[in-house]
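>
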Amino acid sequence: MTPSDASTWSRIVSGMENYALAEVSFEELGLDAIADRYFTPDLMVGVDIRKVKVLKVSTAEGQEFYWVKGFMPVTRELLDKSHKRGILADVMVKRAAENYAVLTGKFNGKDIFVSTYVVPEEWFINVLLSAVKAFLDSYGERGLIVLDADSSKNNEKGGGVG
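Numbering of the sequence shown is given in this note's numbering, commencing with residue 24 and proceeding in unit increments.
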């Protein structure tokens, strides 16, 4: 199953008591509403997060974290716009402090865990970029998956993972 909307995700967690899901705006995550790609020359990593689904998960105890699921195009090049190589993400992101965030879950079926200091205003994208950098350092670019033309068209029509 490839979750593509909040109602599908709600069914996934319906068996888990004390969890609630909500749609998240990019502004809420400190992301530019019109930016489609983020690149950091410090890490030499770029991601396009417009293709993934991000939902806020809240617990009855008042904890909040973000569930990131779907195909996330990844590059090590500043001007790469192909969007065909990337990561299937299924991760949870938690802001542990104003300048510290944690990401855990799976990238392409492989376990990933990153805890890092972040710029408070850019915490969400900082931890994602750090996690992608860690993944690429561990598995190399051969660890990325490549979308063919048929699956990318399906993804653009809303029938895919984003």
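Glycine is no exception: its CB is placed at the ideal position from the N, C-alpha and C atoms.
Can you give the Cα-Cα distance for LYS74 and GLU84, rounded to whole angstroms?
The count along the sequence shown starts at 1 and reaches residue 74 at position 51. The count along the sequence shown starts at 1 and reaches residue 84 at position 61. If you take the alpha carbons of LYS74 and GLU84, they lie about 30 Å apart.
> Tell me the rounded alpha-carbon separation between TYR123 and VAL116.
One-based indexing of the sequence shown puts residue 123 at position 100. One-based indexing of the sequence shown puts residue 116 at position 93. Their backbone Cα atoms lie some 11 Å apart in a straight line.
> Among the residues of its own chain, which have a CB less than 7 Å from the CB of ASP113, if the five just before and after it don't count?
Numbered from 1 along the sequence shown, position 90 holds the residue referred to as residue 113. LYS92, GLY128 and LYS129.
> Which of the three DSSP states is assigned to LYS74 in this structure?
For the purposes of this step, residue 74 is taken as the residue at position 51 of the sequence shown. Note: LYS74 maps to helix in three-state DSSP.
> By the DSSP assignment, the alpha helix (DSSP H) with LEU152 in it spans what residues?
The sequence position of residue 152 within the sequence shown is 129, counting from 1. Its alpha helix (DSSP H) spans residues 146 to 162.
> Could you check what DSSP says for VAL169 in three-state terms: helix, strand or coil?
On the sequence shown, position 146 is the one that residue 169 refers to. Note: VAL169 maps to strand in three-state DSSP.
> For PRO64, name the three-state secondary structure that DSSP assigns.
Counting from one through the sequence shown, the residue named residue 64 turns up at place 41. In this structure, PRO64 counts as coil in the three-state DSSP scheme.
> Should the segment 159 to 168 be regarded as contacting the segment 86 to 100, the criterion being three or more beta carbon pairs within less than 8 Å?
Touching, per the Cβ criterion.
> Figure out for me which residue from GLU87, ASP171, ILE72 and GLU121 has the closest Cα to the Cα of VAL155.
Within the sequence shown, the letter at position 132 stands for residue 155. Selected option, being the one with the closest Cα: ILE72.
> Assign MET67 to one of two classes, buried (16 or more other C-beta atoms within 10 Å of its C-beta) or exposed (fewer than that).
Mapped onto the sequence shown, residue 67 falls at position 44. With fewer than 16 other Cβ atoms within 10 Å, it is exposed.
> Using the beta-carbon count (16 or more within 10 Å), is GLY132 buried or exposed?
As a first step, residue 132 must be located in the sequence shown, where it is residue number 109. Result: exposed.
> With C-beta atoms as the reference, is VAL150 less than 8 Å away from LEU126?
Within the sequence shown, numbered from 1, the residue matching residue 150 stands at position 127. Within the sequence shown, numbered from 1, the residue matching residue 126 stands at position 103. Cβ atoms of VAL150 and LEU126: closer than 8 Å.
> Measuring only the C-alpha atoms, how far is MET95 from GLY69?
Taking the first residue of the sequence shown as position 1, residue 95 is located at position 72. Taking the first residue of the sequence shown as position 1, residue 69 is located at position 46. Cα to Cα, the separation comes out at about 10 Å.
> Can you have a look at VAL137 and say buried or exposed, based on whether 16 or more other CB atoms are within 10 angstroms of its CB?
Translated into the one-based positions of the sequence shown, residue 137 becomes position 114. That one is buried.
> Taking the straight line between their C-alpha atoms, what separation do you get for ILE15 and ILE148?
Examination of residue 15 is not possible in this model, given that the chain is present from 24 through 185 alone.
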